[in-house]
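The structure appears right after this line, and notes come after that.
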């Protein structure tokens, strides 16, 4: 049977997220409770979390979370890391042995920053240098997979139900201003740890529920710009597209949303002249980055969270607000379990980005 | 009398019980197959002249006629078949190059028929084009993804010239001369009604058709027939024709019999002279020269119009396309070797070039590998026969397709493949006034609109089935295709998996 990355696996899912606008700490156990409510939307073949603001003591260093199949892979990868980065801390990620999670790979964490000499000779900025190194490890070093690479954030994922994954990674020991979570329902795979969500590059992380039909058009286009899709999952290509548009092309999140979930031409044609020009420009110039087919995504980044549905809204997504906090989830139950009394509960329209920023991302 | 080496290819079967000797067939056949024998008081056929165009069959009021393939046979021989033998006789008699028309009839593989399209089931809903928006609008031209902003931070939306089309289908180049005034009028009006473009070919633009300029591609070919400043400025885009799928490596052929009246004036050449375009452009001997011509044409039109470079699909088409994508051209048109022609040397038509499917797959992949796919749009032609072919072409990586043979069929062409004779009974590939008037542009344009509208409906149905509601999400989406009965090598070139994988 082919492993994920050798074959494309469709999957249905659940997602959930919570953020504190003022940047107050939220315990990891809260997001675990939320996603656990939607147990039936996943099938035990993948669960994961992304937490922001969880490594304040190392906030100026890239936190690499890496899966290794064996010690040879670890050796090769650590050689690569030492050649390119200054490693200030390395350790196994603390986990808890539980019956529900088995066959785990070796899971290591490194806090690193690019070596000055390497960075200068590459003529790249720090982020581009780091992202290229991550892509090189993931596509070039057999048995090593960097599944988290941002500053002051981290991804935790595994094969299993999300609540078990949370227990395995001892998430109750972490506190962050923003969390996202994912429960996976892949249709025909034994599941692979790297293929679980969130997918992340630098501080950008994506959880996604859906199955996009534009996949290969998107993949073949984004691969022109130095990205390599090794997992063949929707989430991977969506993350790369957002990274490309936001980090490389400097589009705003709203502009990015109007590329990947572009309004229909019939809507654009009715807009005021200036807006029509801008949207026609974005749709025309980045036509191959339009994503069609069902998706609901939560995009985590330093200092915020964006929720976005496909333009036909073929996947559920609701938003609850209470005081300082905003909750976003596939189902209302996953919000009510954390906050039974909400100030506001609503569903964003298809293609309408909802962006929540948090003071937690400020330096 | 010389011995006739050429047995008739067809038999005209006339049902004597039905024939009323009305002589319609006689009047309709420009090849003079039928005549009325007053002594016998019945219709007689000279089958050696029949090209199997079905004009008489279609117009016979009593349906008394049918044309059948003659079962007269040479002694059977797998190596020396009838076609081969008669071609040798013909050349032994004439000492000339064999001429043919339309696309090659040889049985080369048609890869469109070995590709199957995907549809959604369960995990991803199909989309119903009757109830949901389904977008087929496309923009052709260079894409500029260098984001620039003004002082207020707004996006600067200047873009290189773009062609906006409502459908991913354009009418391919067919010159006024090779086809008739009425055929051109039909194409121009249909392009306007459909929100797409037709193409003048290398015959210039008749003064009556300047009004369709917004829906016209004006072509500049090696003969430069009909090219002048107003012509260049009349169209929405300019196409440099470097090659044609049916005859890679040589220029256009228009027999002098078709260079009459307005055709001569529009081409700016004398009446009755054969219009044989040079094989190369004599100002383009390499890629840097092409770069100069592209920019000369852009200068002449103030950088307002996209420039298309049309090439024939040949062995190293990917490298050539890569060069063109860096030459300043906005669009590359690739013409496959099954594409049609009004006249081409038979040997070239049947033996030179490669199929469009393989050329397209190779070019699209190469441009992506080099990171320059954004520099150009790709239009492909050379035997696009149905909406399914269109969908498959776009999934392989095309932005749009050119159709010409299918458009002529819509106008009544029966693919008799004798355009070069100039005696088209359907009023399409002829300049004889009495034949031209048989094609009513009012009806012709409507049939073209019908055809493309029908195809577009079908494209939307197939897109919806895949769960795609905008055509750009289908472009280059090769996972939506699977090969059937193809070798590993063919699959690798096409970049698709085999059915079942």
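Residue numbers (my numbering), protein chains in the order written: chain A, 1 to 363; chain B, 364 to 864.
C-beta: ideal position from N, C-alpha, C; glycine also.
Computed from a predicted structure; not experimentally measured.
DSSP state of residue 582 of chain B, grouped into three classes?
Here residue 582 of chain B refers to the residue found at position 219 of the second chain. In this structure, residue 582 of chain B counts as strand in the three-state DSSP scheme.
According to DSSP, is residue 360 of chain A part of a helix, a strand, or is it coil?
By one-based count along the first chain, residue 360 of chain A stands at place 360. DSSP places residue 360 of chain A in helix when its eight states are reduced to three.
Nearest to residue 456 of chain B by CA position, among B:715, B:491, B:408 and B:367, is which residue?
Mapped onto the second chain, residue 456 of chain B falls at position 93. Among B:715, B:491, B:408 and B:367, the Cα nearest to that of residue 456 of chain B belongs to B:367.
What does the alpha-carbon distance come out to for the pair residue 181 of chain A and residue 144 of chain A?
Residue mapping note: residue 181 of chain A aligns to position 181 of the first chain, counting from 1. Residue mapping note: residue 144 of chain A aligns to position 144 of the first chain, counting from 1. Approximately 23 Å between the Cα atoms of the pair.
Counting only Cβ-Cβ distances shorter than 7 Å, please list the residues of the region 335 to 355 of chain A near chain B, keeping chain order.
Flagged: no residues at all.
Below 9 Å on C-beta distance, what does residue 314 of chain A contact in chain B?
Walking along the first chain from the start, residue 314 of chain A turns up at place 314. The contacting residues are 487, 488, 490 and 830.
What does residue 211 of chain A reach in chain B if we use C-beta pairs closer than 7 Å?
The count along the first chain starts at 1 and reaches residue 211 of chain A at position 211. 486 and 487, listed in chain order.
How would you write the range of the beta strand (DSSP E) that residue 174 of chain A sits in, first residue to last?
Walking along the first chain from the start, residue 174 of chain A turns up at place 174. Neither: residue 174 of chain A is in no beta strand (DSSP E) and is coded neither H nor E.
What's the C-alpha gap between residue 335 of chain A and residue 33 of chain A?
Here residue 335 of chain A corresponds to residue number 335 of the first chain, with the count starting at 1. Here residue 33 of chain A corresponds to residue number 33 of the first chain, with the count starting at 1. The alpha-carbon atoms of residue 335 of chain A and residue 33 of chain A are separated by roughly 10 Å.
Compare the C-beta of residue 243 of chain A with all C-beta atoms of chain B and state if any pair is closer than 8 Å.
In the first chain, counting from the first residue as 1, residue 243 of chain A sits at position 243. Cβ-Cβ to chain B under 8 Å: no for residue 243 of chain A.
Suppose you measure from the CA of residue 779 of chain B to the CA of residue 626 of chain B; what does that come to, to the nearest Å?
Working through the second chain from its first residue, we reach residue 779 of chain B at position 416. Working through the second chain from its first residue, we reach residue 626 of chain B at position 263. Their Cα atoms are separated by approximately 23 Å.
Can you list, in chain order, the residues of its chain whose CB lies under 7 Å from that of residue 80 of chain A, leaving out five sequence neighbours each side?
For the purposes of this step, residue 80 of chain A is taken as residue 80 along the first chain, with counting starting at 1. For residue 80 of chain A, where only same-chain residues beyond five positions count, the Cβ hits under 7 Å are 137 and 141.
What does a CB cutoff of less than 7 Å around residue 59 of chain A pick up in its chain, not counting 5 residues either side in sequence?
As a working mapping, residue 59 of chain A is identified with position 59 in the first chain. Answer for residue 59 of chain A: 151 and 152, listed in chain order.
Could you give the distance in angstroms between the alpha-carbon of residue 374 of chain B and the alpha-carbon of residue 697 of chain B?
Here the question's residue 374 of chain B lines up with position 11 in the second chain. Here the question's residue 697 of chain B lines up with position 334 in the second chain. Cα-Cα distance, rounded: 39 Å.
If you count every other CB in all the chains shown that lies within 10 Å of the CB of residue 369 of chain B, and 16 or more means buried, which is it?
Residue mapping note: residue 369 of chain B aligns to position 6 of the second chain, counting from 1. So residue 369 of chain B ends up on the exposed side.
So, using beta-carbon positions, are residue 214 of chain A and residue 292 of chain A closer together than 8 Å?
Numbered from 1 along the first chain, position 214 holds the residue referred to as residue 214 of chain A. Numbered from 1 along the first chain, position 292 holds the residue referred to as residue 292 of chain A. Yes, these two residues count as a Cβ contact at 8 Å.
Alpha carbon to alpha carbon, how far is residue 251 of chain A from residue 245 of chain A?
What you label residue 251 of chain A is simply residue 251 of the first chain in a count that begins at 1. What you label residue 245 of chain A is simply residue 245 of the first chain in a count that begins at 1. Going by the C-alpha atoms only, they are around 6 Å apart.
Output yes or no for whether 8 Å exceeds the beta carbon distance between residue 196 of chain A and residue 288 of chain A.
By one-based count along the first chain, residue 196 of chain A stands at place 196. By one-based count along the first chain, residue 288 of chain A stands at place 288. No. Outside cutoff.
From which residue to which residue does the alpha helix (DSSP H) around residue 725 of chain B run?
Sequence index remark: in the second chain, residue 725 of chain B carries index 362 (1-based). 719 to 732 is the extent of the alpha helix (DSSP H) around residue 725 of chain B.
Could you say which of B:384, B:432 and B:542 lies nearest to residue 771 of chain B if we only look at CA atoms?
Within the second chain, numbered from 1, the residue matching residue 771 of chain B stands at position 408. Minimum Cα distance to residue 771 of chain B is reached at B:542.
Leaving out five residues before and five after residue 521 of chain B in sequence, what residues of the same chain have Cβ atoms less than 6 Å from its Cβ?
In the second chain, residue 521 of chain B corresponds to position 158, counting from 1. Excluding sequence neighbours, residue 521 of chain B sits near nothing in its chain.
Taking 6 Å as the limit between beta carbons, can you name the residues of its chain near residue 693 of chain B, skipping five residues before and five after?
In the second chain, the residue the question calls residue 693 of chain B occupies position 330. Around residue 693 of chain B: 504, 505, 669 and 670.
Using a Cβ cut-off of 8 Å (strictly closer), state whether residue 839 of chain B contacts chain A.
Looking up residue 839 of chain B in the second chain gives position 476. For residue 839 of chain B, the answer is yes, since a Cβ of chain A falls inside 8 Å of its Cβ.
Below 8 Å on the Cβ atoms is my guess for residue 208 of chain A versus residue 154 of chain A; work out the distance and round it to an integer in Å.
For this step, residue 208 of chain A is matched to residue 208 along the first chain. For this step, residue 154 of chain A is matched to residue 154 along the first chain. At roughly 19 Å, the Cβ-Cβ gap does not stay under 8 Å, so residue 208 of chain A and residue 154 of chain A are not in contact.
Do we get a CB-CB distance below 8 Å when we pair residue 395 of chain A with the residues of chain B?
A query on residue 395 of chain A cannot be resolved here, the shown segment of chain A reaching from 1 to 363 and no further.
When you compare only the Cα positions, how much space is there between residue 74 of chain A and residue 68 of chain A?
Working through the first chain from its first residue, we reach residue 74 of chain A at position 74. Working through the first chain from its first residue, we reach residue 68 of chain A at position 68. Straight-line Cα distance between these residues: approximately 6 Å.
Mind checking residue 562 of chain B: buried by the 16 CB within 10 Å criterion, or exposed?
The sequence position of residue 562 of chain B within the second chain is 199, counting from 1. Buried, since its Cβ has 16 or more Cβ neighbours within 10 Å.
Give a yes or no on whether the C-beta atoms belonging to residue 18 of chain A and residue 61 of chain A are separated by under 8 Å.
Taking the first chain and counting its residues from 1, one reaches residue 18 of chain A at position 18. Taking the first chain and counting its residues from 1, one reaches residue 61 of chain A at position 61. Result no, Cβ atoms of residue 18 of chain A and residue 61 of chain A do not sit closer than 8 Å.
Tell me residue 528 of chain B's beta-bridge partners as DSSP assigns them.
Here residue 528 of chain B corresponds to residue number 165 of the second chain, with the count starting at 1. According to DSSP, which records beta bridges pairwise, residue 528 of chain B is partnered with B:501.
Using DSSP with H/G/I as helix, E/B as strand and the rest coil, what is residue 774 of chain B?
Start at 1 with the first residue of the second chain, and residue 774 of chain B comes out as number 411. Note: residue 774 of chain B maps to helix in three-state DSSP.
Using a C-beta to C-beta distance shorter than 8 Å, which residues of chain A count as neighbours of residue 734 of chain B?
On the second chain, residue 734 of chain B is found 371 positions in, with the first residue counted as 1. Within 8 Å Cβ-Cβ: 224 and 225.
With a threshold of 7 Å, establish whether the CB of residue 836 of chain B neighbours any heavy atom of the ligand NAP.
Here there are no bound small molecules, and the ligand NAP is not part of this structure.
Which residues in chain B have a C-beta closer than 8 Å to the C-beta of residue 285 of chain A? List them in chain order.
As a working note, residue 285 of chain A is residue 285 in the first chain. Under the 8 Å cutoff, chain B gives 506, 507, 508 and 522.
For residue 836 of chain B, would you say it is in contact with chain A, using Cβ-to-Cβ distances shorter than 8 Å as the test?
Within the second chain, the letter at position 473 stands for residue 836 of chain B. Yes, residue 836 of chain B counts as interfacial toward chain A.
With a threshold of 16 other CB atoms inside 10 Å of the CB of residue 6 of chain A, please say whether the residue is buried or exposed.
Taking the first chain and counting its residues from 1, the one referred to as residue 6 of chain A is at position 6. The residue is exposed, with fewer than 16 neighbouring Cβ atoms inside 10 Å.
Say whether chain A places a C-beta atom closer than 8 Å to the C-beta of residue 391 of chain B.
Taking the first residue of the second chain as position 1, residue 391 of chain B is located at position 28. It does not; no Cβ of chain A falls within 8 Å.
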